[in-house]
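Note that the protein sequences, when read in sequence, are chains A and B. 110 is the number that the numbering used here gives to position 12 of the first sequence; each next residue is one higher, with no gaps. 844 is the number that the numbering used here gives to position 115 of the second sequence; each next residue is one higher, with no gaps. For every residue, glycine included, the Cβ atom is placed at its ideal position computed from N, Cα and C.
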Amino acid sequence: MDDKLLIKKIAEKDEKAFQLFVEKYQDLVINVCNNILNNYDDSMDVSQEVFLKIYNSIDQFRGDAKVKTWLYRISVNNSLNYLRSRKKQKWFTNLDVLFSDNKDSIEPVDSEPKPGESIELEENKKALYYALRKLPEKQNIAISLHNFEDLAYNEISEIMNISVSEVGVLINRGKKKLHKLILKYYENN
Amino acid sequence: MNCKEFKKKLPLYLDGDINPDKKTELDTHLESCIECSLLYKKVSGSLFQLQPKKEVSEQPFYYTRLKQKILNQVEKKSFIDNILYKKSLQLTAYFASIVIAVFIGILIGSSSDKVQYSDINYDSKDYLKSYMEYQYLNDFERENKENILLTDTIN
């Protein structure tokens with residue numbers, strides 16, 4: 099079943115069509131979320147929120163963009179919203195720690211080292227994600243989509259709704275900043 | 730080249746945005762300095778992770794969990810709708826009871842045998858007489874020259 103027909107049937111609340119749609123695109127959505135969030139559990143939750151949003155507002159899909167582009171856009175936006183809400187939560191948690199008797203800081207746990215992965219590899223990933231999080235949002239997204247999702251500049255420009263040249267600028271500046279941030283991470287640790 | 734200068738130039742070295750002479754200097758320093766060589770290895774290792782990856786494996790119960798979330802959402806929506814419906818019913822009942830109470834009050838007021846204010850003729854002697862009899866019952870009434878004159882006129 100092609101995407102247009104699937105979308106039409108999902109708008110009619112056809113469960114079978116929605117299931118087919120989810121099975122077709124779940125890997126894409128989960129991986130995009132995971133590349134931004136770097137956390138398996140969070141990416142599961144956020145990806146499900148993405149599909150929920152699609153189910154509820156499928157009629158808002160105008161059809162002028164490809165389904166994949168639309169999915170990337172929603173996944174990126176939802177992941178960013180999640181990160182922002184986590185930052186606020188962290189701020190309040192830190193306030194809580196400051197004013198409470200319990201001085202142990204409550205840090206949200208990042209992804210656990212996977213079995214078989216060396217400590218060095220884990221450290222490399224940690225440094226990379228530390229640096230990516232420190233980048234301005236747009237640079238982070240542009241680099242993630244280009245490097246993790248292997249998307250071309252024109253595809254990224256459609257997803258982010260910016261010009262192709264702007265994508266190039268974001269990626270170049272982002273990478274330069276990324277090198278400095280990774281270096282800073284290792285110098286401090 | 731010392732380590733401090735190497736660390737300062739390393740980002741440019743990684744960007745490939747460095748002139749050939751400087752690059753040679755950095756390469757030479759890398760060969761001779763273990764600490765900087767290790768640092769370079771770590772930074773390169775991190776940058777190497779910036780590549781396409783599909784880390785998340787298949788999720789067999791993914792759709793089942795999603796379907797449950799949709800059902801929960803529908804239940805929550807109808808629960809909220811019920812509450813809103815009850816609230817609006819309550820508001821309607823309160824408003825209706827106020828309107829009814831006001832209406833009853835007006836009915837009671839209009840059905841009494843008292844003289845309507847519009848029927849009173851303020852120029853008649855009977856009015857003036859009863860006004861004079863009850864003037865002291867009026868909280869805001871004051872004895873004044875006009876009232877004395879009025880009393881005199883009637884008597």
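Proximity of the stretch 251-264 of chain A to the stretch 735-744 of chain B falls short of the contact definition, fewer than three beta-carbon pairs being nearer than 8 Å. Look at residue 766 of chain B: its C-beta is not under 9 Å from any C-beta on chain A. Restricting attention to B/774, B/814, B/840, B/782, the CA atom closest to the CA of residue 226 of chain A is found in B/774. Listed along chain A is no residue with a C-beta nearer than 9 Å to that of residue 756 of chain B; the closest approach is about 17 Å. Annotated as distal: residue 282 of chain A and residue 233 of chain A, with beta-carbon spacing of 9 Å or more. Using a Cβ distance threshold of 9 Å, residue 269 of chain A and residue 241 of chain A count as a contacting pair. Restricting attention to A/171, A/137, A/138, A/136, the CA atom closest to the CA of residue 152 of chain A is found in A/171. In this structure residue 229 of chain A is buried. Its beta-carbon is surrounded by 16 or more other beta-carbon atoms within 10 angstroms. Within 9 Å of the CB of residue 119 of chain A, no CB atom of chain B is found; the nearest one sits about 10 Å away. DSSP, read as helix, strand or coil, puts residue 221 of chain A in helix.
Looking at the backbone, the Cα of residue 267 of chain A and that of residue 112 of chain A are separated by about 43 Å.
Taking 8 Å as the upper bound for CB-CB distance, residue 101 of chain A and residue 165 of chain A are in contact here, some 4 Å apart. Per the coordinates, the alpha-carbon of residue 795 of chain B lies some 52 Å from the alpha-carbon of residue 830 of chain B. Bounds of the alpha helix (DSSP H) holding residue 758 of chain B are 749-761.
Distances from the CA of residue 284 of chain A to each of A/156, A/222, A/263 were compared; the closest alpha carbon is that of A/222.
Listed along chain B is no residue with a C-beta nearer than 9 Å to that of residue 101 of chain A; the closest approach is about 18 Å.
The residue among B/751, B/744, B/750, B/778 with its C-alpha nearest the C-alpha of residue 218 of chain A is B/778.
For residue 158 of chain A, no alpha helix (DSSP H) run applies, since DSSP gives it neither H nor E. Annotation: residue 745 of chain B is outside any alpha helix (DSSP H) and is labelled neither H nor E by DSSP.
Taking a Cβ-Cβ cut-off of 8 Å, the neighbours of residue 222 of chain A in chain B comprise 771, 774, 775, 777, 778, given in sequence order.
In terms of Cα proximity to residue 130 of chain A, the closest of A/184, A/158, A/244, A/272 is A/244. Per DSSP, reduced to three states, the secondary structure at residue 133 of chain A is helical.
If you compare the alpha carbons of B/759, B/744, B/855 with that of residue 734 of chain B, the shortest gap goes to B/759. For residue 739 of chain B, a Cβ of chain A is located within less than 9 Å of the residue's own Cβ. The alpha-carbon of residue 832 of chain B is positioned some 42 Å away from that of residue 804 of chain B. For residue 819 of chain B, no Cβ of chain A is located within less than 9 Å of the residue's own Cβ. Under the criterion of beta carbons closer than 8 Å, residue 220 of chain A and residue 176 of chain A do not qualify as touching, at roughly 26 Å. Scanning chain A for C-beta atoms nearer than 9 Å to the C-beta of residue 810 of chain B yields nothing, as the closest lies near 15 Å away. Within the same chain, Cβ atoms closer than 7 Å to the Cβ of residue 280 of chain A are found at 225, 226, 229, the five residues on either side in sequence being excluded. At least one C-beta of chain B is nearer than 9 Å to the C-beta of residue 281 of chain A. The beta carbon of residue 168 of chain A sits closer than 7 Å to those of 159, all from its chain and outside the five residues before and after it, given in chain order.
Just so you know, the alpha carbons of residue 807 of chain B and residue 801 of chain B end up roughly 10 Å apart.
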